[in-house]
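First to last, the protein sequences are chains G and H. The first sequence maps to residues 3 to 133 in the numbering used here. The second sequence maps to residues 14 to 274 in the numbering used here. Yeah, the Cβ is synthetic: ideal placement off N, Cα and C, and Gly gets one too. Some notes on the structure that comes next.
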Amino acid sequence: MSQIDEDVDGQDSFEDLSSESIVKFESVAKWLNSVGAGKDISAMDEQIKLIVEFCNFVRFTPDELILKCIRTLKDGTRAISTKGRNQTEEFIKSFVTSRGKTGNEGIIEENKVRGFFVHNGIFMQGRAAIL
Amino acid sequence: MEFKEAAGTRRSIRFFRPWQPVEREKIQKIFEAANRSSRSMNADYAKAIVVRRSELPAETIDALRNPTTTASLDLAPVYIFWYLDMDYPNGGADRLKELVENHVLTPSHGWSKAYVDEFLWPQVLKPIADNQMATMFMGTIEVGQAIANALLAAVDEGLGTCLHAFTAADKVKDMFHVPDSWIPIWLQLLGYPAEEAAAGGQRPRRPLSANFFEGSADKPFEEDAEVTESLKRDKLIQDPGPFPHREMEVKMISRMFGLPE
Ligand SMILES: Cc1cc2nc3c(=O)[nH]c(=O)nc-3n(C[C@H](O)[C@H](O)[C@H](O)COP(=O)(O)O)c2cc1C
Numbered sequence: 003m004s005q006i007d008e009d010v011d012g013q014d015s016f017e018d019l020s021s022e023s024i025v026k027f028e029s030v031a032k033w034l035n036s037v038g039a040g041k042d043i044s045a046m047d048e049q050i051k052l053i054v055e056f057c058n059f060v061r062f063t064p065d066e067l068i069l070k071c072i073r074t075l076k077d078g079t080r081a082i083s084t085k086g087r088n089q090t091e092e093f094i095k096s097f098v099t100s101r102g103k104t105g106n107e108g109i110i111e112e113n114k115v116r117g118f119f120v121h122n123g124i125f126m127q128g129r130a131a132i133l
Numbered sequence: 014m015e016f017k018e019a020a021g022t023r024r025s026i027r028f029f030r031p032w033q034p035v036e037r038e039k040i041q042k043i044f045e046a047a048n049r050s051s052r053s054m055n056a057d058y059a060k061a062i063v064v065r066r067s068e069l070p071a072e073t074i075d076a077l078r079n080p081t082t083t084a085s086l087d088l089a090p091v092y093i094f095w096y097l098d099m100d101y102p103n104g105g106a107d108r109l110k111e112l113v114e115n116h117v118l119t120p121s122h123g124w125s126k127a128y129v130d131e132f133l134w135p136q137v138l139k140p141i142a143d144n145q146m147a148t149m150f151m152g153t154i155e156v157g158q159a160i161a162n163a164l165l166a167a168v169d170e171g172l173g174t175c176l177h178a179f180t181a182a183d184k185v186k187d188m189f190h191v192p193d194s195w196i197p198i199w200l201q202l203l204g205y206p207a208e209e210a211a212a213g214g215q216r217p218r219r220p221l222s223a224n225f226f227e228g229s230a231d232k233p234f235e236e237d238a239e240v241t242e243s244l245k246r247d248k249l250i251q252d253p254g255p256f257p258h259r260e261m262e263v264k265m266i267s268r269m270f271g272l273p274e
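The structure is reproduced here in structure tokens:
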């Protein structure tokens, strides 16, 4: 269960997701299509499971997580929210730490989670796993 | 490498081999190429500090991270911090007179030491030096020219290179004793490419006719097909990307470094 109890809408009413329920979210479909797995998602089983666990950890749906990284400007255009993206980075780090992953193993897992955000247009870059 | 091939082969490389150091002699060649860039007033606009990643404390590398640069910072073994020295106008009159003495700036084209001392400096150059906006505008173009030479020299040496946003300038300033007059411009990352040097093929560019004109801005420059063919043979124009195997190449390299796919 989540160790992140700060803020925000929806967290209280959050219901744990599963690999079946998560694929119904728009942001998940967008991610899978962009990776090229839109038709055959079986190759993505492991990554989908990871995002399910991430969502259940932070207690936000995938669509809510993407929305947190976006802000709407006065003229109606959308921009990446630095605050939201920084918070996402914190979420990713706490999630990976909570799974006991450190060093390169941690970097690799963090980047697997980042992939979901990246394919939804949220520009972010993680460290590379080098010796 | 011939000039045309170096210009045609240059492209931004973002995957480096972190395990392969860059020879110091190659850095010298890159700096020499930058030092040879054309420049007004024969001034020293560009300053650069080369640093090896292995010598940097982890906190400094962390401070340099930003959303567009993080992964490459871990992969590139060499960082070159490029600056503009806003003090460049100082000594301008002396340097110009040196060019007059060396018969570079000659009476045939109106030049004399008296012109430099009595008119050019007080009426043209000093007002520019006193105007920060003008100094900066001129200076950034000049540093760009030096960097362009440095990028090509890196390619000529078989290296990969890419310019990046230069953040955490304050930290870098303290660490490397950077003078107050230097303004950060770009961070150049350098190393042997982990991707093939062609990096998936030449980048898409608009045809010459979109950007170049002949006689008038509404008369696009028309290419001579034979010249275009000769430039292909000389490798200024190369096979366009993406190569069919590029997607897989990026996937495999990303996996090697644990980056998002
Ligand atoms: C002045 C300048 C700044 C750049 N800044 C970045 C950067 O911060 N991050 C990055 O990944 N690429 C950066 N680039 C690389 C460009 O994105 C690159 O030029 C673009 O991909 C076009 O391809 P090419 O350089 O391979 O021809 C920069 C390039 C230039 C000339």
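I need the straight-line Cα distance from residue i to residue j, nearest angstrom please.
i: residue 16 of chain G; j: residue 128 of chain G; result: 28 Å
i: residue 90 of chain H; j: residue 197 of chain H; result: 20 Å
i: residue 122 of chain G; j: residue 143 of chain H; result: 48 Å
i: residue 18 of chain H; j: residue 80 of chain G; result: 42 Å
i: residue 151 of chain H; j: residue 99 of chain H; result: 10 Å
i: residue 76 of chain H; j: residue 75 of chain G; result: 29 Å
i: residue 218 of chain H; j: residue 46 of chain H; result: 26 Å
i: residue 274 of chain H; j: residue 67 of chain G; result: 19 Å
i: residue 92 of chain H; j: residue 48 of chain H; result: 18 Å
i: residue 146 of chain H; j: residue 96 of chain H; result: 16 Å
i: residue 32 of chain H; j: residue 194 of chain H; result: 35 Å
i: residue 101 of chain H; j: residue 267 of chain H; result: 43 Å
i: residue 180 of chain H; j: residue 78 of chain H; result: 8 Å
i: residue 147 of chain G; j: residue 132 of chain G; result: Because chain G in this structure spans residues 3 to 133, residue 147 of chain G falls outside the shown range and cannot be described.
i: residue 82 of chain H; j: residue 126 of chain G; result: 9 Å
i: residue 42 of chain H; j: residue 154 of chain H; result: 22 Å
i: residue 149 of chain H; j: residue 73 of chain G; result: 33 Å
i: residue 42 of chain G; j: residue 21 of chain G; result: 14 Å
i: residue 191 of chain H; j: residue 158 of chain H; result: 21 Å
i: residue 61 of chain G; j: residue 14 of chain G; result: 8 Å
i: residue 213 of chain H; j: residue 112 of chain H; result: 45 Å
i: residue 120 of chain H; j: residue 110 of chain H; result: 12 Å
i: residue 226 of chain H; j: residue 110 of chain G; result: 50 Å
i: residue 141 of chain H; j: residue 123 of chain H; result: 21 Å
i: residue 66 of chain H; j: residue 162 of chain H; result: 23 Å
i: residue 177 of chain H; j: residue 80 of chain H; result: 11 Å
i: residue 64 of chain G; j: residue 208 of chain H; result: 33 Å
i: residue 39 of chain H; j: residue 63 of chain H; result: 12 Å
i: residue 215 of chain H; j: residue 206 of chain H; result: 15 Å
i: residue 60 of chain H; j: residue 27 of chain G; result: 51 Å
i: residue 24 of chain G; j: residue 30 of chain G; result: 7 Å
i: residue 233 of chain H; j: residue 222 of chain H; result: 5 Å
i: residue 220 of chain H; j: residue 164 of chain H; result: 23 Å
i: residue 84 of chain H; j: residue 100 of chain G; result: 23 Å
i: residue 32 of chain G; j: residue 53 of chain H; result: 51 Å
i: residue 90 of chain G; j: residue 48 of chain G; result: 21 Å
i: residue 4 of chain G; j: residue 88 of chain G; result: Per-residue confidence for residue 4 of chain G stands at a pLDDT of 45, beneath the threshold of 50, marking its modelled position as unreliable; no derived number is given.
At 9 Å on the CB atoms, spell out the chain G contacts of residue i, in chain order.
i: residue 84 of chain H; result: 113, 127, 128, 129, 130
i: residue 31 of chain H; result: 130, 132, 133
Mind pulling the chain G residues with CB within less than 7 Å of residue i?
i: residue 87 of chain H; result: 129, 130, 132
Can you pull the chain H neighbours of residue i, defined as C-beta to C-beta under 9 Å?
i: residue 73 of chain G; result: Going along chain H, no residue has its Cβ under 9 Å from residue 73 of chain G, so there is no contact; the nearest lies around 15 Å.
i: residue 120 of chain G; result: 273
i: residue 116 of chain G; result: 272, 273
List the residues of chain G whose Cβ lies closer than 8 Å to the Cβ of residue i, in chain order.
i: residue 81 of chain H; result: 125, 127
Quiz item: Is the number of C-beta pairs between the region 99 to 107 of chain H and the region 130 to 138 of chain H that are closer than 8 Å three or more?
Solution: The region 99 to 107 of chain H is in contact with the region 130 to 138 of chain H.
Quiz item: Is the region 21 to 33 of chain H touching the region 159 to 168 of chain H in the sense that three or more CB pairs, one from each, lie closer than 8 Å?
Solution: yes
Exercise. Taking only beta carbons into account, state which residues of the region 92 to 114 of chain G come closer than 8 Å to chain H, listed in chain order.
Key: Of all residues in the region 92 to 114 of chain G, 106, 109, 110, 113, 114 have a Cβ within less than 8 Å of some Cβ in chain H.
Quiz item: Which residue spans inside the region 78 to 142 of chain H form an unbroken alpha helix (DSSP H) run of at least 4?
Solution: 83 to 88, 105 to 114, 139 to 142
Exercise. Evaluate contact between the region 33 to 53 of chain G and the region 106 to 124 of chain G, counting only Cβ atoms and requiring at least three cross-stretch pairs below 8 Å.
Key: yes
Quiz item: Residue ranges of each alpha helix (DSSP H) run of no fewer than 4 residues wholly in the region 6 to 85 of chain G, ordered along the chain?
Solution: 21 to 24, 28 to 37, 47 to 60, 64 to 70
Self-check item: Length at least 3, wholly inside the region 170 to 224 of chain H: the beta strand (DSSP E) runs in chain order
Solution: 173 to 177, 195 to 204
Quiz item: Should the region 91 to 111 of chain G be called in touch with the region 231 to 250 of chain H, which here means at least 3 C-beta pairs below 8 Å?
Solution: no
Practice problem: Note down, one range per segment and in chain order, each alpha helix (DSSP H) of at least 4 residues found wholly within the region 35 to 84 of chain H. | Solution: DSSP assignment within the region 35 to 84 of chain H yields the following whole alpha helix (DSSP H) runs of 4 residues or more, N-terminal first: 37 to 48, 71 to 77.
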